[in-house]
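Listed in order, the protein sequences are those of chains A and B. Count along the first sequence from 1, add 120, and you get the number used in this note's numbering. Count along the second sequence from 1, add 15, and you get the number used in this note's numbering. C-beta: ideal position from N, C-alpha, C; glycine also. As structure tokens, the structure follows; a few thoughts come after it.
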Amino acid sequence: MSMLHLVNKSPYENGNLNTASSIMNDGDVLLLIEDAVYGAVKAGKASAMLDGCKVSVLGPDLAARGISEDKLADGVDVIDYAGFVDLVEANDKVQSWL
Amino acid sequence: MSTTKKFLYINRKAPYGTIYAWEALEVVLIGAAFEQDVSVAFMDDGVFQLVKGQDTSGIGMKNFSPTYAALGDFEITKIYVEKESLEERGLTLDDLQHLVWEDEDEDWAEKDSIRLVSRAELGDVLAEQDVLFNF
Numbered sequence: 121m122s123m124l125h126l127v128n129k130s131p132y133e134n135g136n137l138n139t140a141s142s143i144m145n146d147g148d149v150l151l152l153i154e155d156a157v158y159g160a161v162k163a164g165k166a167s168a169m170l171d172g173c174k175v176s177v178l179g180p181d182l183a184a185r186g187i188s189e190d191k192l193a194d195g196v197d198v199i200d201y202a203g204f205v206d207l208v209e210a211n212d213k214v215q216s217w218l
Numbered sequence: 016m017s018t019t020k021k022f023l024y025i026n027r028k029a030p031y032g033t034i035y036a037w038e039a040l041e042v043v044l045i046g047a048a049f050e051q052d053v054s055v056a057f058m059d060d061g062v063f064q065l066v067k068g069q070d071t072s073g074i075g076m077k078n079f080s081p082t083y084a085a086l087g088d089f090e091i092t093k094i095y096v097e098k099e100s101l102e103e104r105g106l107t108l109d110d111l112q113h114l115v116w117e118d119e120d121e122d123w124a125e126k127d128s129i130r131l132v133s134r135a136e137l138g139d140v141l142a143e144q145d146v147l148f149n150f
């Protein structure tokens, strides 16, 4: 049973990304959207939370915030809205960490 | 008769996740129209507001980031960016827009608006203000 974990807030503003990334099981996927995409920036302190997690980020939210893909942590997958739908479909459950 | 006060607008939120950043920008411009001594500070996630290269075409929201470049024209020449906030987020001044103003007293020489300050220095800036606005 795999779960898609959704986070939409900046890891520098609250603890949602920390909670999500530390509770994830093997086979789960973490998708960062809206302000959570800041957590995927390699040079930022928060990216350490992503170690060992399978992580995707929503490309349009990255672009809106001026983050180019070469700034991302290693292994982070950039997806579009169709890819978002694919992830929802591919996992058994979706957990939104609001 | 008029009294000029020192206004500081403190921006601590990322630009698109909430409406705070955009609202702050509107209030800053209104304040400038009343000829007050306006400064703007960016700290915590607020530093993300000034990141260059924002392209919101994919998220259906207005890209208001070009407006920051107009602050100089409204005689807003003191833009404080907190160093610790940048560093924690893996950013440097090179990642931010280059904001300038033109100095009327020096033949319209172009000068940098952004002042990189430590948290302690920003504390001093806060202390010298008459009015603080938080966004």
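Three-state class that DSSP yields for residue i in the structure shown
| i | result |
| --- | --- |
| M121 (chain A) | coil |
| A56 (chain B) | strand |
| N149 (chain B) | strand |
| Q215 (chain A) | strand |
| I45 (chain B) | helix |
| I129 (chain B) | strand |
| I74 (chain B) | coil |
| N26 (chain B) | strand |
| A140 (chain A) | helix |
| A160 (chain A) | helix |
| Y95 (chain B) | strand |
| L141 (chain B) | helix |
| V196 (chain A) | coil |
Counted within 10 angstroms of its Cβ, other Cβ atoms place residue i as buried (16 or more) or exposed
| i | result |
| --- | --- |
| L205 (chain A) | Correcting the residue type first, residue 205 (chain A) is Val in the shown sequence and not Leu. It counts as exposed. |
| E41 (chain B) | exposed |
| L151 (chain A) | buried |
| D110 (chain B) | buried |
| V230 (chain A) | Since the first residue shown for chain A is 121 and the last is 218, residue 230 (chain A) is missing from the structure and cannot be characterised. |
| I25 (chain B) | buried |
| D155 (chain A) | buried |
| F49 (chain B) | exposed |
| M121 (chain A) | exposed |
| H125 (chain A) | buried |
| T71 (chain B) | buried |
Option in the options with minimal Cα separation from residue i
| i | options | result |
| --- | --- | --- |
| L207 (chain A) | A:G147, A:Y132, A:L218 and A:N134 | A:G147 |
| E102 (chain B) | B:M58, B:S54 and B:L44 | B:M58 |
| S128 (chain B) | B:A48, B:R104 and B:V53 | B:V53 |
| P81 (chain B) | B:D118, B:L65 and B:K98 | B:L65 |
| G271 (chain A) | B:E119, B:A124, B:F148 and B:E99 | An answer regarding residue 271 (chain A) cannot be provided, because it is not within the stretch 121 to 218 covered by chain A. |
| L192 (chain A) | B:A124, B:G138, B:E119 and B:G105 | B:G105 |
| R130 (chain B) | B:V96, B:K77, B:D120 and B:V140 | B:V96 |
| G32 (chain B) | A:I153, A:V175, A:G203 and A:D194 | A:I153 |
| Y201 (chain A) | B:G61, B:K93, B:Y83 and B:I74 | B:I74 |
| E189 (chain A) | A:N145, A:V161 and A:S130 | A:V161 |
| N149 (chain B) | B:T19, B:L23 and B:T18 | B:L23 |
| A124 (chain B) | B:I45, B:T92 and B:A135 | B:T92 |
| K126 (chain B) | B:V55, B:H113, B:V62 and B:R134 | B:H113 |
Residue-chain proximity (residue i, chain A), Cβ-Cβ < 8 Å
| i | result |
| --- | --- |
| Y31 (chain B) | yes |
| D59 (chain B) | yes |
Contact with chain B by residue i, beta-carbon distance below 8 Å
| i | result |
| --- | --- |
| A163 (chain A) | yes |
| E209 (chain A) | no |
| D155 (chain A) | yes |
Cβ-heavy atom distance, residue i to the ligand HEM, below 7 Å
| i | result |
| --- | --- |
| G135 (chain A) | The ligand HEM is absent from the structure shown, which contains no ligands of any kind. |
Looking at chain A, which residues of the segment 62-82 of chain B have a Cβ within less than 8 Å of any of its Cβ atoms?
-> Per Cβ criterion, the list reads F63, V66, K67, G68, Q69, D70, T71, S72, G73, I74, M76, N78 and S80.
Along the segment 123-141 of chain A, what residues have a CB closer than 8 Å to any CB found in chain B?
-> Residues N128, K129, S130, Y132 and E133.
Going along the segment 100-113 of chain B in order, which residues come within less than 7 Å of chain A, judged by CB to CB distance?
-> E103, R104 and G105
Positions along the segment 175-190 of chain A whose CB lies within less than 8 Å of some CB in chain B | Those residues of the segment 175-190 of chain A that come within reach of chain B (Cβ to Cβ, closer than 8 Å) are G179, P180, D181, A183, A184, R185, G186, I187 and S188.
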